[in-house]
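Novice: Before I ask anything, let me first share the structure, which is written out below as structure tokens.
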Amino acid sequence: MPTPKPKHEHGILKFPKDFLWGAATSAYQVEGNNVNADWWAWEQKLPPKFRSGKTCNQYELYEKDFALIKELNHNAHRLSIEWSRIEPKDGEFDHHEIEHYVSVLKYLKSLNIKVMLTLWHFTLPQWVAGLGGWENSKTASYFERFVKRVAPEIAEYVDFWITLNEPGVYVYEAYFERVWPPAKKSFWGQIKTTLNLASAHKKVYKYLHSAFPKKPVGIAQNVQSFEPYHKHSLIEQVAVVFTDLTANHLFYFLTRKTHDFLGINYYFHTRFKDGKGFWPEIADETLQSRDISDLGWEVYPEGLFDVLADLSDDLPIYITECGIASTNDDRKNRFLITYLSEVYRAIKAGIQVKGFFYWSLIDNFEWHRGFDPRFGLVEVDYLTFERKIRPSALVYTDIIQHSGIPHSLLRFIGHTVDAEEVLEKRYREIIKENK
Ligand code: FCB
Numbered sequence: 007m008p009t010p011k012p013k014h015e016h017g018i019l020k021f022p023k024d025f026l027w028g029a030a031t032s033a034y035q036v037e038g039n040n041v042n043a044d045w046w047a048w049e050q051k052l053p054p055k056f057r058s059g060k061t062c063n064q065y066e067l068y069e070k071d072f073a074l075i076k077e078l079n080h081n082a083h084r085l086s087i088e089w090s091r092i093e094p095k096d097g098e099f100d101h102h103e104i105e106h107y108v109s110v111l112k113y114l115k116s117l118n119i120k121v122m123l124t125l126w127h128f129t130l131p132q133w134v135a136g137l138g139g140w141e142n143s144k145t146a147s148y149f150e151r152f153v154k155r156v157a158p159e160i161a162e163y164v165d166f167w168i169t170l171n172e173p174g175v176y177v178y179e180a181y182f183e184r185v186w187p188p189a190k191k192s193f194w195g196q197i198k199t200t201l202n203l204a205s206a207h208k209k210v211y212k213y214l215h216s217a218f219p220k221k222p223v224g225i226a227q228n229v230q231s232f233e234p235y236h237k238h239s240l241i242e243q244v245a246v247v248f249t250d251l252t253a254n255h256l257f258y259f260l261t262r263k264t265h266d267f268l269g270i271n272y273y274f275h276t277r278f279k280d281g282k283g284f285w286p287e288i289a290d291e292t293l294q295s296r297d298i299s300d301l302g303w304e305v306y307p308e309g310l311f312d313v314l315a316d317l318s319d320d321l322p323i324y325i326t327e328c329g330i331a332s333t334n335d336d337r338k339n340r341f342l343i344t345y346l347s348e349v350y351r352a353i354k355a356g357i358q359v360k361g362f363f364y365w366s367l368i369d370n371f372e373w374h375r376g377f378d379p380r381f382g383l384v385e386v387d388y389l390t391f392e393r394k395i396r397p398s399a400l401v402y403t404d405i406i407q408h409s410g411i412p413h414s415l416l417r418f419i420g421h422t423v424d425a426e427e428v429l430e431k432r433y434r435e436i437i438k439e440n441k
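67 is the number that my numbering gives to position 61 of the sequence shown; each next residue is one higher, with no gaps.
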């Protein structure tokens, strides 16, 4: 009997072979007991529900979490180190904590995982905050000193450096919304903070770039997709261009020529709608009955293509964060398939996207929103610290194993074919017809 032909797996959205597939976390959000951080001092004034406490206790359980990364077939991981642990007092470095991070990173590397390491992810040592935090121009030099002390000890276990995470979001939450420390209303404070963060990045980029020339250096920038509510409205178009330039491009501009890649975190889509005032308002997506996450953030995969196209230039791009807070795991499945389809389209369009880090590997402490948002591929029980792999984590693994999105997953969202494949087939038919 002839062996049956293998079924043609049509419609697979294939990614490049060397694509990085991983998830991201940050030290303060997962480690627990970061008692020397400014956030720790800040959260003690809040109701217990909003205190990080032991969070996921990854400080002790990192081996368990990294084993999960391996089990899930990720080939890369993004994590951060906590400055306030390593330098709890001005100029005093805790060797024991440096050793801890050496063990953490060494273990990750021993599993053959590419390591993307963030050096500052929102939290400051209390002594730095006491001296004015990022409003103090000296903080850029303190940060440089910290990096120069720790980087030589860990560099062999690091593949990519991220100097800063989302400088713009930090300024927004700390100075506009004032829900993060230093929670200050100060126009000059914002300006100084932005400029000092830019100066910190530049100093650290120069150092890392010359000390470890083979390890690319960048930042993780929160980029948003904007559009006008009425295409014909000039003021809405102006709002789109202005906000895109300030929110998405300004920090890159301030730090131009000091990036080996662009790291982008994508979560938001905004429609500007002309209202009564001079400046357009943000159209309320709930009034449009849009699909939103548990945090009220619109689910808008097409926006990921838009920001990739908007930011693309000669540099490679890594999606350093992208994820959804949802207790409904089916929504996470759909999120992964639809958002990654947009990444596929961007790659097809010639945009150099080189990796995707889902936020987050495990549920964790979501800053001023506490523990309710569930971003994790892996569920965490905050009482027992037990980890439980969610089915959506396996959907991601399925994608990773196929090095693309297989038809078996695409059919859930009604997508059956790859446009290119259809066109190719059609051309072949035309050629045949014309022969
Ligand atoms: C990003 C932060 C990250 C996490 C996600 C949900 O802005 O970088 O720490 O809070 O949002």
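A virtual CB, placed ideally from N, CA and C, is assigned to each residue, including glycine.
In or out: proline 397 buried (at least 16 other Cβ within 10 Å) or exposed?
Specialist: Its Cβ having fewer than 16 others within 10 Å, proline 397 is exposed.
Novice: Return the chain-ordered ranges of every beta strand (DSSP E) run that is complete within the segment 166-207 and spans a minimum of 3 residues.
Specialist: Here the runs fully enclosed are 166-171.
Novice: I'd like the span of the beta strand (DSSP E) that includes asparagine 228, first residue to last.
Specialist: Asparagine 228 -> beta strand (DSSP E) spans 223-234.
Novice: Here's the rule I'm using: 16 or more other beta-carbon atoms within 10 Å means buried, otherwise exposed. How should histidine 14 be labelled?
Specialist: Since pLDDT at histidine 14 reaches only 39, below the 50 mark, its modelled position is unreliable, and no value is offered.
Novice: Can you tell me which of Ala245, Arg155, Cys328, Val153 puts its alpha carbon nearest to the alpha carbon of phenylalanine 381?
Specialist: Checking every option, the nearest Cα to that of phenylalanine 381 belongs to Cys328.
Novice: Is the segment 370-381 touching the segment 175-194, taking contact as three or more C-beta pairs under 8 Å?
Specialist: A contact exists between the segment 370-381 and the segment 175-194.
Novice: Hey, isoleucine 411 and valine 359 are a contact pair by Cβ (cut 8 Å); roughly how many whole angstroms apart?
Specialist: With a Cβ gap of about 14 Å, isoleucine 411 and valine 359 do not count as contacting.
Novice: Can you determine whether any heavy atom of the ligand FCB sits closer than 8 Å to the C-beta of serine 127, and answer yes or no?
Specialist: With the sequence shown as reference, residue 127 is identified as histidine, and serine is not the correct amino acid for it. Histidine 127 Cβ: within cutoff of the ligand FCB.
Novice: Across which residues does DSSP place arginine 277 in a beta bridge pair?
Specialist: Per DSSP, Glu233.
Novice: Cα separation between proline 188 and serine 32?
Specialist: Those two C-alpha atoms are separated by around 20 Å.
Novice: Using 8 Å as the cut-off, classify the Cβ of valine 175 as near or not near the heavy atoms of the ligand FCB, replying yes or no.
Specialist: Answer for valine 175: yes, Cβ within range of the ligand FCB.
Novice: Which two residues bound the contiguous alpha helix (DSSP H) that contains tyrosine 65?
Specialist: Per DSSP, tyrosine 65 belongs to the alpha helix (DSSP H) from 64-77.
Novice: From this set, His106, His255, Asn39, Tyr148, which residue's C-alpha is nearest glutamine 230's C-alpha?
Specialist: Among His106, His255, Asn39, Tyr148, the Cα nearest to that of glutamine 230 belongs to His255.
Novice: Within 9 Å of any Cβ in chain B, is that where the Cβ of tyrosine 235 sits?
Specialist: In the structure shown, chain B does not exist; there is a single protein chain.
Novice: Buried or exposed for leucine 78, please, with buried defined as at least 16 other CB atoms from any protein chain shown within 10 angstroms of its CB.
Specialist: With 16 or more Cβ atoms within 10 Å of its Cβ, leucine 78 is classed as buried.
Novice: I'd like to know whether the C-beta atoms of phenylalanine 391 and leucine 74 end up nearer to each other than 9 Å.
Specialist: No, Cβ-Cβ distance for phenylalanine 391 and leucine 74 is not below 9 Å.
Novice: How many angstroms separate the CA atom of phenylalanine 21 from the CA atom of phenylalanine 418?
Specialist: The alpha-carbon atoms of phenylalanine 21 and phenylalanine 418 are separated by roughly 19 Å.
Novice: One question on the structure: do lysine 279 and glutamate 304 come within less than 9 Å of each other, judged by their Cβ atoms?
Specialist: For lysine 279 and glutamate 304, no; Cβs fall outside 9 Å.
Novice: In the DSSP assignment, find the unbroken beta strand (DSSP E) run with threonine 124 in it and report its ends.
Specialist: Where threonine 124 is concerned, the enclosing beta strand (DSSP E) stretches over 120-124.
Novice: Based on the DSSP secondary-structure assignment, which residues constitute the bridge partners of glutamate 327?
Specialist: DSSP output for glutamate 327 lists Asn271 as bridge partner(s).
Novice: Between the Cα of valine 246 and those of Ile405, Val210, Glu287, spot the shortest distance and give me the residue it belongs to.
Specialist: The residue with the shortest Cα to Cα distance from valine 246 is Glu287.
Novice: Pick helix, strand or coil for tyrosine 364, following the three-state DSSP scheme.
Specialist: It is a strand residue.
Novice: How far does the beta strand (DSSP E) with histidine 255 in it extend, from its first residue to its last?
Specialist: Counting along the chain, histidine 255 falls outside any beta strand (DSSP E), and DSSP gives it neither H nor E.
Novice: If you compare alpha carbons, which of Phe128, Asp387, Leu415 is closest to leucine 400?
Specialist: The candidate whose alpha carbon is nearest that of leucine 400 is Leu415.
Novice: Grouping DSSP H, G and I as helix and E and B as strand, with all else coil, what is alanine 33?
Specialist: Alanine 33 falls in the helix class under three-state DSSP.
Novice: Note the first and the last residue of the continuous beta strand (DSSP E) segment covering leucine 85.
Specialist: Element bounds for leucine 85: 82-86.
Novice: Looking at the structure shown, is glycine 376 part of a helix, part of a strand, or coil, going by DSSP?
Specialist: Coil.
Novice: Quick check on glutamate 93: buried or exposed, where buried means 16 or more other Cβ atoms within 10 Å of its Cβ?
Specialist: The residue is buried, with at least 16 neighbouring Cβ atoms inside 10 Å.
Novice: Run through DSSP, which three-state label would proline 131 get?
Specialist: Three-state DSSP puts proline 131 in a strand.
Novice: If I'm right that threonine 261 touches valine 223 with Cβ under 8 Å, what's the distance once you round it to whole angstroms?
Specialist: No, threonine 261 and valine 223 are not in contact; Cβ-Cβ is about 11 Å, not under 8 Å.
Novice: If I measure Cβ to Cβ from proline 12 and keep anything under 6 Å in the same chain, skipping five residues before and after, which residues do I get?
Specialist: Residue placement at proline 12 cannot be trusted, given a pLDDT of 44 that sits under 50; the coordinates are not used to answer.
Novice: Any chance the CB of glutamate 372 is under 8 Å from a heavy atom of the ligand ATP?
Specialist: Of the ligands this structure carries, namely the ligand FCB, none is the ligand ATP.
Novice: By Cβ distance below 7 Å, which residues in the same chain neighbour glutamate 348 in space, the five residues on each side in sequence not counted?
Specialist: Cβ neighbours of glutamate 348 beyond the five flanking positions: Pro307, Glu308, Leu310, Phe311.
Novice: If you compare alpha carbons, which of Val134, Lys115, Asp71, Ala315 is closest to aspartate 44?
Specialist: Looking at the Cα atoms, Val134 is the closest of the given residues.
Novice: Provide the residue span of the beta strand (DSSP E) that contains arginine 393, from first to last.
Specialist: Segment 393-395, the beta strand (DSSP E) holding arginine 393.
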